[in-house]
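Protein chains in written order, with my numbering: chain F, 28 to 187; chain H, 243 to 413.
All residues carry an ideal CB built from backbone N, CA and C; glycine is no exception.
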Amino acid sequence: MSFYEDLVVGTVRELGEETFTAESIKAYARAYDPQPFHLDEEAGRRSHFGGLCASGLQVLAVSMKLTIAAQDRIEAEERARGKAVPPRGPSPGVEMVRWLKPVFAGDTLRFRTTLVDKRASASKPDWGIATWQMEAFNQKGEQALSYRGNVFVRRRAQAA
Amino acid sequence: MRFDGAMTQRAFEDFHPGDVFPLASVSVTADEIIAFAALYDPQPFHLDEEAGRASLLGGLAASGWHTLSIAMRLFADGVLNDSCSMGSPGLDRVSWRAPVRPGDVLTGTCTIREVRPSRSRPEMGFVLVSVALVNQNDQTTIEMVGPVMIGRRVAAVLEEPDTSLAAETGR
Chain F
28 MSFYEDLVVG TVRELGEETF TAESIKAYAR AYDPQPFHLD EEAGRRSHFG GLCASGLQVL
88 AVSMKLTIAA QDRIEAEERA RGKAVPPRGP SPGVEMVRWL KPVFAGDTLR FRTTLVDKRA
148 SASKPDWGIA TWQMEAFNQK GEQALSYRGN VFVRRRAQAA
Chain H
243 MRFDGAMTQR AFEDFHPGDV FPLASVSVTA DEIIAFAALY DPQPFHLDEE AGRASLLGGL
303 AASGWHTLSI AMRLFADGVL NDSCSMGSPG LDRVSWRAPV RPGDVLTGTC TIREVRPSRS
363 RPEMGFVLVS VALVNQNDQT TIEMVGPVMI GRRVAAVLEE PDTSLAAETG R
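Set out below in structure tokens:
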């Protein structure tokens, strides 16, 4: 990750793809979202979704996994070039989550995120807040997910 | 659409603004925090106590997506799986208010904020819920607010079909 001052609104990051297998859909659902259409093919077929589909929360968690993998790659490149890498900040929350299409077993989603806003933090003077718009598209090109996520980003030390 | 057991499950008609559903309590272990983070959010402050102390979180803390997943589980067990759930179009917001640490005991509450019949699908309506998890010190750790689609016991008579998502969710 960059320092707050280096973030450029409009930056787009392609985060890569994830295939949702029946096994991973059921494993997440057993632990965290045990609704029949996330647990069983036949129950999925009988539901209004028409097939076994992933919990929306699992789709969110996968977007985080790919975001972290991209950050790890970017930080490794920055360290290799001798740049200082700031500590990462947590997130105060996300907004406007839209599950636009069901994610069925076997679907592959491609994720990308766009920096849409940055601003100073009112409560933490050493930190700013960045807002990223996440989007995911399935193998037919249909958008399946969108949300806005906020994250604290370290500022450079201020000159005294 | 008909639901198996629709007469015994909670239907759209059974939810009212202001209804409060107490959910279960769960304790969170370091092993679970680290296992979830390794799968979905492998950042140092979710994987290691020492790295957590050096971070803004001040100690090993659960991924926010883990806390959200726990909230979902308590909501599913306490409300959704006894209801004619048809999924959700999204969440208005998720707020992470306080870190969740190993040994924390989280207790859930679901509050019904609004109910709105679907304008295009007579078999269902939208129930806007807030689900919050409070820790053993009475601090709210997470709140999620969003609509859930719940099947109706008796299908509505539609006046003016409008199938757009914006019209459906009112957002």
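Residue i in three-state terms, based on DSSP
i, result
"Gln160(F)", "strand"
"Lys167(F)", "coil"
"Leu370(H)", "strand"
"Leu172(F)", "strand"
"Phe30(F)", "coil"
"Ala397(H)", "coil"
"Pro286(H)", "helix"
"Pro264(H)", "strand"
"Thr309(H)", "helix"
"Asn177(F)", "strand"
"Arg363(H)", "coil"
Nearest-angstrom beta carbon gap, residue j and residue i [assumed within contact, 8 Å]
i, j, result
"Ile354(H)", "Phe278(H)", "29 Å between Cβ atoms; not a contact."
"Pro61(F)", "Ala318(H)", "6 Å"
"Ile275(H)", "Leu375(H)", "With 8 Å as the limit, Ile275(H) and Leu375(H) do not qualify as a contact, their Cβ atoms being about 14 Å apart."
"Lys145(F)", "Leu42(F)", "Incorrect: roughly 19 Å between the Cβ atoms, too far for contact."
"Arg39(F)", "Thr141(F)", "Before going on, a small fix: residue 39(F) reads as Val here, not Arg. Between Thr141(F) and Val39(F) the Cβ distance is about 5 Å, and since that is below 8 Å, they are a contact."
"Ile95(F)", "Gln378(H)", "Contact doesn't hold; Cβ gap of about 29 Å is too wide."
"Met386(H)", "Val373(H)", "5 Å"
"Gly329(H)", "Ser269(H)", "With 8 Å as the limit, Gly329(H) and Ser269(H) do not qualify as a contact, their Cβ atoms being about 29 Å apart."
"Leu302(H)", "Asp290(H)", "7 Å"
"Val112(F)", "Glu45(F)", "At roughly 25 Å, the Cβ-Cβ gap does not stay under 8 Å, so Val112(F) and Glu45(F) are not in contact."
Sequence-distant residues of the same chain with beta carbon closer than 8 Å to residue i, five excluded per side
i, result
"Gln170(F)", "Leu127, Lys128, Glu162, Ala163 and Phe164"
"Gly116(F)", "Trp154, Val178, Phe179, Val180 and Arg181"
"Leu299(H)", "Phe287 and Pro341"
"Ala397(H)", "Pro364 and Glu365"
"Cys80(F)", "Ile52, Phe64, His65, Gly71, Pro129, Val130, Phe131 and Ala132"
"Met123(F)", "Ser173, Tyr174 and Arg175"
"Val357(H)", "Phe254, Phe257, His258, Pro259, Gly367, Phe368, Val369 and Leu370"
"Ala49(F)", "Glu68, Leu79, Ala132 and Gly133"
"Asp261(H)", "Thr353 and Ile354"
Same chain only: Cβ atoms within 6 Å of residue i, ignoring 5 sequence neighbours per side
i, result
"Arg200(F)", "Absent from the model: residue 200(F). The displayed extent of chain F is 28 to 187, so no value can be given."
"Trp338(H)", "Gly306 and Ile384"
Continuous alpha helix (DSSP H) stretch holding residue i: start and end
i, result
"Lys53(F)", "Ala49 to Tyr59"
"Leu127(F)", "No alpha helix (DSSP H) holds Leu127(F); DSSP gives it neither H nor E."
"Ala107(F)", "Gly83 to Ala107"
"Arg295(H)", "Glu291 to Arg295"
"Ala70(F)", "Glu68 to Arg73"
Cut-off 7 Å between Cβ atoms - residues of its own chain near residue i, not counting five sequence neighbours on either side
i, result
"Ala266(H)", "Leu316, Asp319, Gly320 and Gly350"
"Gly247(H)", "The predicted model places Gly247(H) with a pLDDT of 46, which falls under 50 and marks its position as unreliable, so this point remains unresolved."
"Arg183(F)", "Phe30 and Glu32"
"Phe245(H)", "For Phe245(H), the predicted model reports a pLDDT of 47, less than 50, meaning its position is unreliable; a value from the coordinates is still stated below. Gln251, Cys326 and Gly393."
"Ala187(F)", "Annotation note: pLDDT 45 at Ala187(F) (below 50); position unreliable, no value reported."
Residue range of the unbroken beta strand (DSSP E) whose run includes residue i
i, result
"Ser337(H)", "Gly332 to Trp338"
"Leu136(F)", "Thr135 to Ala147"
"Leu348(H)", "Val347 to Pro359"
"Glu45(F)", "Val39 to Thr46"
Residues in the segment 336 to 356 of chain H with C-beta within 9 Å of chain F's C-beta atoms, listed in sequence order? Val336, Ser337, Trp338, Arg339 and Pro341
At a CB distance below 8 Å, what residues from the segment 315 to 328 of chain H approach chain F? Give them in sequence order. Arg315, Ala318, Asp319, Leu322, Asn323, Ser327 and Met328
Got a sec: which bits of the segment 124 to 142 of chain F sit with their beta carbon under 7 Å from any beta carbon on chain H, in order along the chain? Val124, Arg125 and Trp126
Looking at chain H, which residues of the segment 66 to 88 of chain F have a Cβ within less than 9 Å of any of its Cβ atoms? Arg73, Ser74, His75, Phe76, Cys80, Ser82, Gly83, Leu84, Gln85, Leu87 and Ala88
Closer than 9 Å between beta carbons: that is the criterion. Which residues of the segment 290 to 311 of chain H meet it against chain F? Ala296, Ser297, Leu298, Leu299, Ala303, Ser305, Gly306, Trp307, His308, Leu310 and Ser311
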